[in-house]
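Novice: The structure is given below, and queries will be raised subsequently.
2 protein chains.
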Amino acid sequence: MSNNQFKRGELYSVVNGMATTAVARRLQKNFRNAGLDITIEQWSVLYHLWKEDGLSQLELGNRTFRDKASTTRLIDNLEKQELVMRVASKEDRRINLVYLTDIAKPLQQITYELANQTMNEALLDISKEEIDIVKNVFQRVYDNLTNKDLL
Amino acid sequence: MSNNQFKRGELYSVVNGMATTAVARRLQKNFRNAGLDITIEQWSVLYHLWKEDGLSQLELGNRTFRDKASTTRLIDNLEKQELVMRVASKEDRRINLVYLTDIAKPLQQITYELANQTMNEALLDISKEEIDIVKNVFQRVYDNLTNKDLL
DNA sequence: TTATATTAGTTGCATAACTAACTATATGTC
DNA sequence: GACATATAGTTAGTTATGCAACTAATATAA
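These protein sequence lines are chains A and B, in that order.
With my numbering as the guide, the letters of the first sequence map in order to residues 17 to 167.
With my numbering as the guide, the letters of the second sequence map in order to residues 17 to 167.
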């Protein structure tokens with residue numbers, strides 16, 4: 017049921033968290049200096065492709081909490097910048113598999129380094145127990161609301 | 017320093033929370049049935065005006081974590097729907113004070129009722145202690161990141 | 001096997017976001 | 001008073017979001 021899909025605009029920061037936003041912002045600054053202009057939204061797509069290359073657009077949409085229209089345009093822009101390419105699936109020709117290009121691949125390492133560094137700074141004085149509580153509360157609030165069809 | 021202002025797209029759901037989103041969504045559905053089409057973003061502005069009518073655009077922007085350009089357009093749209101009106105300040109003619117119209121005012125009560133109801137459902141099984149921990153963790157993560165100029 | 005429904009993706013439309021450049025009013029200093 | 005600076009708001013440009021309507025390919029059912 018496609019209406020069951022979460023919408024990005026709403027869950028965005030909750031799911032990804034302040035720290036992730038800071039990561040994205042630091043990345044953005046860093047790469048802009050190197051002449052690469054990538055938006056925070058585009059980072060979220062690349063991030064999932066680094067974890068698993070060759071995902072379908074729909075799967076990318078699910079993992080980044082976007083609808084398929086938004087995903088289409090994000091990939092359009094990433095393709096224009098030659099960071100990503102679409103390859104029609106041979107098993108099912110409705111499906112576009114999205115692959116990282118040779119330009120995007122080497123960005124992974126520096127990205128991960130910056131991300132780790134930022135997360136460490138963000139969570140400096142936060143204990144494991146506290147993080148667990150926050151995650152748990154989020155999950156329960158989320159469950160409470162989805163049970164009522166409110167998210 | 018105007019660069020010190022938080023950006024909405026980033027802090028949006030963190031600050032307002034999943035529950036607020038759910039409130040807004042429920043409101044949206046409810047009022048759409050009554051022929052009033054108000055976006056979630058517009059709700060956030062109305063919400064602050066119900067708390068304190070006649071705020072300047074800049075103050076509204078601060079309270080809803082938007083920059084002034086975004087605030088301008090949101091108020092443009094609210095004005096088109098005659099939910100809000102701009103009144104130039106007499107003390108300082110650079111300033112627009114934003115007031116609720118007679119159309120918007122009566123929406124407050126039903127809005128607050130729906131909001132309370134939704135919050136209660138969202139936080140059903142969450143204890144006061146847990147909420148305090150979540151708030152506290154957010155504040156500290158936020159502090160950690162702003163100290164490094166990352167938010 | 002043909003008709004029907006479902007699925008993946010695209011496109012059009014309106015709203016919204018942020019940056020940067022701009023206008024107009026106010027303030028501060030000499 | 002005159003000039004520089006700061007402040008409130010608007011406008012232009014680009015990207016992103018969600019909804020709805022659409023195309024094309026696949027799956028299901030008669």
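All C-beta atoms in this analysis are idealised placements derived from N, C-alpha and C, irrespective of residue type, glycine included.
Note that the coordinates shown come from a computational prediction; the quantities given were computed from them, not determined experimentally.
1) What does the Cβ neighbour count give for Asn-160 of chain B, buried or exposed, with the cut at 16 atoms within 10 Å?
2) What does the Cβ neighbour count give for Arg-109 of chain B, buried or exposed, with the cut at 16 atoms within 10 Å?
3) Going along the chain, which residues of its own chain have a beta-carbon closer than 8 Å to the beta-carbon of Leu-65 of chain A, five neighbours each way excluded?
4) Tell me Tyr-115 of chain B's beta-bridge partners as DSSP assigns them.
5) Near Asn-46 of chain A, which residues of its chain fall below 7 Å by C-beta distance, leaving aside the five closest residues on each side in sequence?
6) Figure out for me which residue from A:Asn-152, A:Leu-94 and A:Val-150 has the closest Cα to the Cα of Glu-57 of chain A.
7) From the DSSP output, read off the bridge partner residues of Ser-72 of chain A.
8) Please classify Asp-85 of chain B as buried or exposed, where buried requires at least 16 neighbouring CB atoms within 10 angstroms.
9) Identify the continuous alpha helix (DSSP H) that holds Glu-129 of chain B and give its terminal residues.
10) To the nearest whole angstrom, what separates the beta carbons of Ile-149 of chain A and Glu-146 of chain B, a pair I think is in contact under 8 Å?
11) Listing by chain order, which chain A residues have their CB less than 8 Å from the CB of Ala-120 of chain B?
12) Measuring straight from C-alpha to C-alpha, what distance separates Arg-14 of chain A and Lys-96 of chain B?
13) May I have the straight-line CA-CA distance separating Met-122 of chain B from Tyr-128 of chain B, to the nearest angstrom?
14) Do the CB positions of Val-39 of chain B and Thr-134 of chain B come within less than 7 Å of each other?
15) Compute the Euclidean distance between the alpha carbons of Phe-5 of chain A and Leu-43 of chain B, then round it to the nearest angstrom.
16) If you measure from the beta carbon of Phe-81 of chain A to each beta carbon in chain B, is any gap under 7 Å?
17) How far does the alpha helix (DSSP H) with Asn-85 of chain A in it extend, from its first residue to its last?
18) Taking Cβ positions only, does Asn-160 of chain A come closer than 7 Å to chain B?
19) What does the Cβ neighbour count give for Arg-82 of chain B, buried or exposed, with the cut at 16 atoms within 10 Å?
20) Express the C-alpha separation of Asp-118 of chain A and Ala-50 of chain A in angstroms, rounding to a whole number.
21) In angstroms with no decimal places, state the Cα-to-Cα distance between Asp-69 of chain B and Asn-112 of chain A.
22) From Ile-54 of chain B to Arg-48 of chain B, what distance separates their C-alpha atoms?
Specialist: For this structure:
1) buried
2) exposed
3) Leu-71, Leu-76, Val-100, Val-114, Tyr-115, Leu-116 and Ala-120
4) B:Met-101
5) Leu-130
6) A:Leu-94
7) A:Leu-113
8) One detail in the question is off: residue 85 of chain B reads as Ala in this sequence, not Asp. Exposed.
9) 123-138
10) 6 Å
11) Those do not exist, as Ala-120 of chain B stays about 23 Å from chain A at its closest Cβ, beyond 8 Å.
12) No answer is possible for residue 14 of chain A: it lies beyond the span of chain A, which begins at 17 and ends at 167.
13) In the sequence under discussion, the amino acid at residue 122 of chain B is Pro, which differs from the Met named in the question. Going from the Cα of Pro-122 of chain B to the Cα of Tyr-128 of chain B covers about 11 Å.
14) yes
15) Residue numbering for chain A in the displayed model covers 17 to 167; residue 5 of chain A lies beyond these limits and cannot be assessed.
16) no
17) Residue 85 of chain A is actually Ala in this sequence, not Asn. Residues 84-96.
18) yes
19) buried
20) 17 Å
21) 51 Å
22) 8 Å
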